[in-house]
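Protein chains in written order, with my numbering: chain F, 8 to 382; chain S, 711 to 826.
All remarks here apply to the structure that follows.
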Amino acid sequence: MTESGEATNVTGPVEATNVTGPEGSRGPTAAVPLHARCALAAYPRWWRERYGPDQERFLEDLVKDRRPLRRAVTDLVVGALRVRLRPVGMPQTVIAWRDRTRASIAWGTVPAFAGLVLVSVISQHSFRDSIGGTSPRGPSLSTGGRVAADAMSGLQWASLAVLVLLLTGWALVGGFADRVPKGRARRRWWRLTLAPLAAAVVEIGLQLLRNVLMPVVKGTTTAVVHGRPIMTLTYVSGRHPLAASVVSIAWDAVAVAGLLSVFAVVLAARSADLRVSDLRGGVRLAQLMAIVMLLSALASIAWGIGVTHQPSLPPAVLNGSAVTIRGWTGIQTSISASWPLVSTGLVAIAIVSGWGALSARRSYQAARALALSAK
Amino acid sequence: MSSRRLFPKPDPSLLVLSSLAGGPKHGYALMKDVEAFARVTLGPGTVFGCLARLEERGLVEALEPEDRRHPYRLTAAGAHALEEQLSELERVTSTGSSRLGASRGRLTDGAAGAPA
Numbered sequence: 008m009t010e011s012g013e014a015t016n017v018t019g020p021v022e023a024t025n026v027t028g029p030e031g032s033r034g035p036t037a038a039v040p041l042h043a044r045c046a047l048a049a050y051p052r053w054w055r056e057r058y059g060p061d062q063e064r065f066l067e068d069l070v071k072d073r074r075p076l077r078r079a080v081t082d083l084v085v086g087a088l089r090v091r092l093r094p095v096g097m098p099q100t101v102i103a104w105r106d107r108t109r110a111s112i113a114w115g116t117v118p119a120f121a122g123l124v125l126v127s128v129i130s131q132h133s134f135r136d137s138i139g140g141t142s143p144r145g146p147s148l149s150t151g152g153r154v155a156a157d158a159m160s161g162l163q164w165a166s167l168a169v170l171v172l173l174l175t176g177w178a179l180v181g182g183f184a185d186r187v188p189k190g191r192a193r194r195r196w197w198r199l200t201l202a203p204l205a206a207a208v209v210e211i212g213l214q215l216l217r218n219v220l221m222p223v224v225k226g227t228t229t230a231v232v233h234g235r236p237i238m239t240l241t242y243v244s245g246r247h248p249l250a251a252s253v254v255s256i257a258w259d260a261v262a263v264a265g266l267l268s269v270f271a272v273v274l275a276a277r278s279a280d281l282r283v284s285d286l287r288g289g290v291r292l293a294q295l296m297a298i299v300m301l302l303s304a305l306a307s308i309a310w311g312i313g314v315t316h317q318p319s320l321p322p323a324v325l326n327g328s329a330v331t332i333r334g335w336t337g338i339q340t341s342i343s344a345s346w347p348l349v350s351t352g353l354v355a356i357a358i359v360s361g362w363g364a365l366s367a368r369r370s371y372q373a374a375r376a377l378a379l380s381a382k
Numbered sequence: 711m712s713s714r715r716l717f718p719k720p721d722p723s724l725l726v727l728s729s730l731a732g733g734p735k736h737g738y739a740l741m742k743d744v745e746a747f748a749r750v751t752l753g754p755g756t757v758f759g760c761l762a763r764l765e766e767r768g769l770v771e772a773l774e775p776e777d778r779r780h781p782y783r784l785t786a787a788g789a790h791a792l793e794e795q796l797s798e799l800e801r802v803t804s805t806g807s808s809r810l811g812a813s814r815g816r817l818t819d820g821a822a823g824a825p826a
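Dropping the structure here:
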């Protein structure tokens, strides 16, 4: 481009042979495989509108020339990530920046769901009990053990905060019904928005069904460590154990579907024609979520370091029941070994969430400035 | 170790500009041209990422699309930027070549010079 901003052709007139390449690539188009199309879909909308047909044509030429697509697809995925991180060439329009704000809010909040799952997995291992907890009935803990127990408490509080923030986000999206055109689009929008609620109702129903199928309490037993009773376990059994197992499996499946329904809410938010000012709440939500995820990551590191410094505890003894459980030391060891993995996961989530929050703030400011200048 | 692994690949932007200096091309033709003269295969993500960057800086511009693809051509600013970059590279290559020629007689092979 010249200094005056006018583009100048220095290469002479366009020649067809030059444009189509040495061998020419015209003729019937070749089918692009699904995985390559998915890689194209990873780009933001403004990019797909501008460069999507060119890239698709590029892939068709590769297929036509029988060249391997694997490297091209990898290159597309990396390229899409780069464009999402740094939107080079993005048009300076309110819509483009609004879409980027919306996508950044999703990046800032949705990964927290994975963090929630990670923390719940640790909690299910009954970490507190595995090291005796801070209960006076449990065996005494070292400083490391106490740090680990406190960090675990922090993680559980952070999970609660994540849940509250996610519910707030859901409520925010629920308030955008009037931004969707009435009719089919509105009905689809409601279906997507209410998907988590539907999953929760089915979960409760299955839980009740399981309780009906296994209603009889058979007995209780107490776990004893170092002569101290630290935990009372209640066992239930009933008339239809097989049916109850099937219901349990269904419960797990619906739980996974419930977790995935967060993407349905993201889709609902995408399909609404939001104003820039509508996104302010989402930006704040993403910022809060990033802070919570950062604290969670730090707590998980403290927990991991603490638990590795807690000396092994003696195995548990169960009184009055033939039911056996794994030794406490075994559980503790398995958690100790997996903490770097869990902490790495939470740190990665905190980084993505933090980037999403920062990007959401910047994009929101850019969109607002453009909207103001357009008035 | 081959020299290709020792030295990084040339900057894709430079390759794209060099290719467009030969005339307007669309993405796939550009990739094939670069492959022919630089022995570097650029993927579609890299090619269009470069073109977007260069287009934003006004170094290349898209022409009217034909057959669902835009040909790109170099602008005057692009030609100027390419010229500057190439003259810098030329200074390095010519210096390296002349010094290599002068010292060729004095060089020993690596094994002979290595301590026992």
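We put the CB at the ideal spot given by N, CA and C, even for glycine.
Selected residue, minimal CA-CA separation from residue i, among the options
| i | options | result |
| --- | --- | --- |
| F/ARG93 | S/ALA762, S/GLU745, S/ARG801 | S/ALA762 |
| F/GLU56 | F/THR351, F/ALA165, F/GLY96, F/ARG153 | F/GLY96 |
| S/ALA787 | S/LEU725, S/CYS760, S/LEU764 | S/LEU764 |
| F/ALA38 | F/VAL269, F/ALA297, F/ALA49, F/LYS71 | F/LYS71 |
| F/LEU249 | F/LEU216, F/TRP197, F/LEU201, F/GLY181 | F/LEU216 |
| F/ARG52 | F/ALA79, F/VAL80, F/ALA87 | F/ALA87 |
| F/ALA79 | F/SER149, F/ARG89, F/ALA43 | F/ALA43 |
| S/PHE747 | S/GLU794, S/ARG779, S/PRO722 | S/PRO722 |
| F/VAL354 | F/ALA306, F/HIS316, F/ARG73 | F/ALA306 |
| F/LEU201 | F/LEU379, F/ASP157, F/PHE183, F/GLY59 | F/PHE183 |
| F/LEU358 | F/VAL299, F/VAL84, F/ASP285 | According to the sequence provided, residue 358 of chain F is Ile. The question's Leu does not apply to it. It is F/VAL299 whose Cα lies nearest to the Cα of F/ILE358. |
| F/PRO347 | F/THR315, F/GLY361, F/ALA376 | F/THR315 |
| F/LEU286 | F/VAL209, F/ARG107, F/ALA48, F/PRO75 | F/ARG107 |
| F/GLU210 | F/LEU69, F/VAL154, F/ALA257, F/ALA251 | F/ALA257 |
Per-residue burial, residue i [other beta carbons within 10 Å of its own, 16 or more giving buried]
| i | result |
| --- | --- |
| S/LEU730 | buried |
| S/PHE717 | exposed |
| F/GLN99 | exposed |
| S/LEU727 | buried |
| S/GLY811 | exposed |
| S/ARG783 | buried |
| F/GLY313 | buried |
| F/VAL26 | Bear in mind that a pLDDT of 45 at F/VAL26, under 50, signals an unreliable position, so the number given afterwards is only what the model happens to contain. Burial call: buried. |
| F/CYS45 | exposed |
| S/SER804 | exposed |
| S/THR785 | buried |
| F/LEU170 | exposed |
| S/THR756 | buried |
| F/GLY190 | exposed |
| F/VAL2 | Lying outside 8 to 382, the shown extent of chain F, residue 2 of chain F is not represented and no answer is given. |
| F/GLY152 | buried |
Beta-carbon spacing of residue i, residue j below 9 Å
| i | j | result |
| --- | --- | --- |
| F/VAL272 | F/GLY176 | yes |
| F/LEU204 | F/LEU173 | no |
| F/ALA304 | F/SER350 | yes |
| S/PRO781 | S/LYS719 | no |
| F/VAL254 | F/LEU220 | yes |
| F/ARG186 | F/ALA374 | no |
| S/PRO754 | F/ASP82 | yes |
| F/VAL126 | F/ALA165 | yes |
| F/TRP310 | F/LEU167 | no |
| S/GLY737 | S/PHE758 | yes |
| F/GLY288 | F/ARG109 | no |
| S/ARG778 | F/ASP61 | yes |
| F/GLY352 | F/ALA119 | no |
| F/LEU292 | F/ILE102 | no |
| F/ALA378 | F/VAL283 | yes |
| F/LEU267 | F/GLY361 | no |
In DSSP terms, what residue i is bridged to
| i | result |
| --- | --- |
| S/ARG783 | S/GLU771 |
| S/VAL776 | What sits at residue 776 of chain S in the sequence shown is Glu, not Val. DSSP lists S/ARG779 as partners of S/GLU776. |
| F/LYS189 | F/LYS189 pairs with nothing; no bridge assigned. |
| S/LYS735 | S/TYR782 |
Next on the checklist: Assess contact between the segment 62-81 of chain F and the segment 724-741 of chain S, defined as three or more Cβ pairs (one per stretch) separated by less than 8 Å. Is contact present?
Outcome noted: Yes, they touch.
Next on the checklist: Any contact between the segment 360-371 of chain F and the segment 766-774 of chain S? By contact I mean 3 or more CB pairs, one from each, below 8 Å.
Outcome noted: no
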